[in-house]
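Protein chains: 2
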Amino acid sequence: MDNRPIGIFDSGIGGLTVLKELMEQFPNEKLIYFGDTARIPYGTKSKEAVIKYSFQCIRFLLSKNVKTIIIACNTASAVALEPALKEFDLPILGVVKSGSKAAVKETQNDKIGVIGTTGTINSYAYQREIRTISPSAEVIGQACPLFVQIVEDGWEDTEVAKLTAEKYLIDMKEHDVDTLVLGCTHYPILRYTLKKVLGEEVKLINPAYETAKESLELLTERKLLTESSDIHEVEFYVSDDAEKFRRIGGNMLNRNIKSVKKIEIEGL
Amino acid sequence: MDNRPIGIFDSGIGGLTVLKELMEQFPNEKLIYFGDTARIPYGTKSKEAVIKYSFQCIRFLLSKNVKTIIIACNTASAVALEPALKEFDLPILGVVKSGSKAAVKETQNDKIGVIGTTGTINSYAYQREIRTISPSAEVIGQACPLFVQIVEDGWEDTEVAKLTAEKYLIDMKEHDVDTLVLGCTHYPILRYTLKKVLGEEVKLINPAYETAKESLELLTERKLLTESSDIHEVEFYVSDDAEKFRRIGGNMLNRNIKSVKKIEIEGL
């Protein structure tokens, strides 16, 4: 039994979808969330930059004495998980691995689509992970950079969203994928539009949910769960604009965030 | 006469539109361009972060012994020009002031539209600047965050671009603006789509062009132009992924960029 907190980080606010799942599955764990809002997005940055930023996030969470770390950002998880496991001596989980496993389990025809930011798709991390688990799988990756802004503008049910999805998903339709990994934290909000374009029967995989589920298994297996039965407030940290995060993050989590602290991440 | 270089900075690659104008108007000046690609975009960051980043960019250019600095980024120019003029002892120009002056000169009906990133529009910098020059002007600001990605995807002539522009520009049409400031370096690429939506007769103001024109006036007036008649290679620096900048930047400038150096900007 281990009463230390669990650390989660993301390039910004998107990882709150993972946090939300963790809050439901771990009601008695202390959770610490860090959003690197000063340097969002990671998806357009180089591999070197994303690894450097991720290591700084991990060092910050280690200074809070966490027992495990969950990389909620798809780009960081795609690029920095392997290097981080070599550099740091604690269990670290990333959304890419968990999402890939679930997709392989779901597909019937072995044709899996993956959508994400340019960084995530070009890193080939989902594609490689899926092929490692299931070498016979055909994986079609497609970067959908406009989707994040469409969601942030609240345009998920507009004609613009539908036309954009149709343009992005042409290849997916032609290849007849039956399972689609939503490889970016914003995309689950587009699920109705995606189903409209790809067909109702396509299975959508939300890596946030799958990661929380896998974390529970890992912590149970390693006997790292807390013995406490208290309910703790989540601690929130960001690298820019705490008030904006408090406001938008509260909306996303559907609960009032009491306080968010801004910290200095450069130089860590 | 002053043979020191002119410094230009932007959050990334967009400021190359300003550089291009400067190269045409200053064929014999040494030009140094810095793109803060590690922290792009500035438009979604807080005022404090944008000022901090801008000061770091300026300190880097000062280390290269520049005689003047041009802030090519609309967000940085909107938020950081005034603080920078207080902090640093050299002439600094920003695209917001130059663009605003030109808009006031062009309008016939005193109704001016401004489009830009969320950061630029919410900073109210163009709106304030235009009203300072012409208190009777009616200024309608509209953030168009999707436009940057649409241009970066090469979608400027698609139905998605047109529908998006129609949604963003409803207010502009209703207010019958006759002059529109393109307050983001990417937007000039959308000029045909914007004219299709707003009407052929609307005047589009490109602050990049106006800023280069004003720089020439300022340097002439203060006798800061070079006496050299040599043609110099522009020096390029970035904070992330030099090769990507070299490739995409070369396309934008329509010329081969020989070398781009990556520097460490954090901590400056």
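Chains X and A are the protein sequences, given in the same order. Under this note's numbering, the final residue of the first sequence carries the number 268; numbering is consecutive throughout. Under this note's numbering, the final residue of the second sequence carries the number 1268; numbering is consecutive throughout. Beta carbons: idealized from backbone N, C-alpha and C, even for Gly.
Short CB-CB distance (under 7 Å) between residue i and chain A
{"i": "Gln149/X", "result": "yes"}
{"i": "Ser46/X", "result": "yes"}
{"i": "Ser171/X", "result": "The sequence shown places Asp at residue 171/X, rather than the Ser named in the question. By this cut-off, Asp171/X is not an interface position."}
{"i": "Val160/X", "result": "yes"}
{"i": "Arg39/X", "result": "yes"}
{"i": "Ala49/X", "result": "yes"}
Nearest-angstrom beta carbon gap, residue j and residue i [assumed within contact, 8 Å]
{"i": "Leu1022/A", "j": "Leu1253/A", "result": "About 11 Å; that fails the 8 Å criterion."}
{"i": "Phe1009/A", "j": "Leu1085/A", "result": "The pair is not a contact, with the Cβ atoms about 15 Å apart (cut-off 8 Å)."}
{"i": "Ser313/X", "j": "Cys73/X", "result": "Lying outside 1 to 268, the shown extent of chain X, residue 313/X is not represented and no answer is given."}
{"i": "Glu1214/A", "j": "Leu1031/A", "result": "In fact, because the Cβ distance is near 16 Å, the residues do not count as touching under 8 Å."}
{"i": "Pro1145/A", "j": "Val1066/A", "result": "With a Cβ gap of about 32 Å, Pro1145/A and Val1066/A do not count as contacting."}
Beta-carbon proximity check, residue i vs residue j, cutoff 7 Å
{"i": "Leu1224/A", "j": "Gln1025/A", "result": "no"}
{"i": "Ile1140/A", "j": "Asp1178/A", "result": "no"}
{"i": "Tyr42/X", "j": "Thr68/X", "result": "no"}
{"i": "Ala78/X", "j": "Val96/X", "result": "yes"}
{"i": "Asn28/X", "j": "Thr226/X", "result": "yes"}
{"i": "Arg246/X", "j": "Ile263/X", "result": "no"}
{"i": "Ile1070/A", "j": "Gly1035/A", "result": "no"}
{"i": "Tyr1033/A", "j": "Val1234/A", "result": "yes"}
{"i": "Thr1107/A", "j": "Val1238/A", "result": "no"}
{"i": "Gln1149/A", "j": "Gln149/X", "result": "yes"}
{"i": "Glu156/X", "j": "Ile189/X", "result": "yes"}
{"i": "Asn1003/A", "j": "Ser1228/A", "result": "yes"}
{"i": "Ser1098/A", "j": "Thr1185/A", "result": "no"}
{"i": "Glu174/X", "j": "Val197/X", "result": "no"}
{"i": "Pro91/X", "j": "Ile51/X", "result": "no"}
{"i": "Leu56/X", "j": "Leu194/X", "result": "One point to set straight first is that residue 56/X is Gln, not Leu, in the sequence displayed. Not in contact: Gln56/X and Leu194/X (Cβ atoms no closer than 7 Å)."}
{"i": "Ser136/X", "j": "Asp176/X", "result": "no"}
{"i": "Tyr1187/A", "j": "Phe1236/A", "result": "no"}
7 Å Cβ cutoff, residue i in contact with chain X
{"i": "Lys1059/A", "result": "Checking the sequence, you will find Arg at residue 1059/A rather than Lys. For Arg1059/A, the answer is no, since every Cβ of chain X falls outside 7 Å of its Cβ."}
{"i": "Lys1266/A", "result": "Contrary to the premise, residue 1266/A reads as Glu rather than Lys in this sequence. For Glu1266/A, the answer is yes, since a Cβ of chain X falls inside 7 Å of its Cβ."}
{"i": "Asp1010/A", "result": "no"}
{"i": "Glu1210/A", "result": "no"}
{"i": "Pro1145/A", "result": "yes"}
{"i": "Thr1117/A", "result": "no"}
{"i": "Leu1163/A", "result": "yes"}
{"i": "Asp1240/A", "result": "yes"}
Outcome for residue i when other beta-carbon atoms lying within 10 angstroms are tallied against a minimum of 16
{"i": "Arg1059/A", "result": "exposed"}
{"i": "Asp1240/A", "result": "buried"}
{"i": "Ile1040/A", "result": "buried"}
{"i": "Gly154/X", "result": "exposed"}
{"i": "Ile1265/A", "result": "buried"}
{"i": "Tyr192/X", "result": "exposed"}
{"i": "Ile1231/A", "result": "exposed"}
{"i": "Gly1249/A", "result": "buried"}
{"i": "Gly1199/A", "result": "exposed"}
Interface residues of chain B facing residue i [CB-CB closer than 7 Å]
{"i": "Arg1255/A", "result": "Among the protein chains in the structure shown, which are X and A, there is no chain B."}
For this session: Could you say if the stretch 109 to 120 of chain X and the stretch 43 to 51 of chain X meet the contact criterion of at least three C-beta pairs nearer than 8 Å?
Result: yes
For this session: Report yes or no: do the stretch 1180 to 1190 of chain A and the stretch 1098 to 1118 of chain A share at least 3 C-beta pairs separated by less than 8 Å?
Result: yes
Exercise. Can you find at least 3 beta carbon pairs, one from the stretch 1190 to 1209 of chain A and one from the stretch 1101 to 1110 of chain A, that sit closer than 8 Å?
Worked result: yes
Exercise. How about the stretch 1128 to 1145 of chain A and the stretch 1155 to 1163 of chain A: do they share at least three Cβ pairs that are nearer than 8 Å?
Worked result: no
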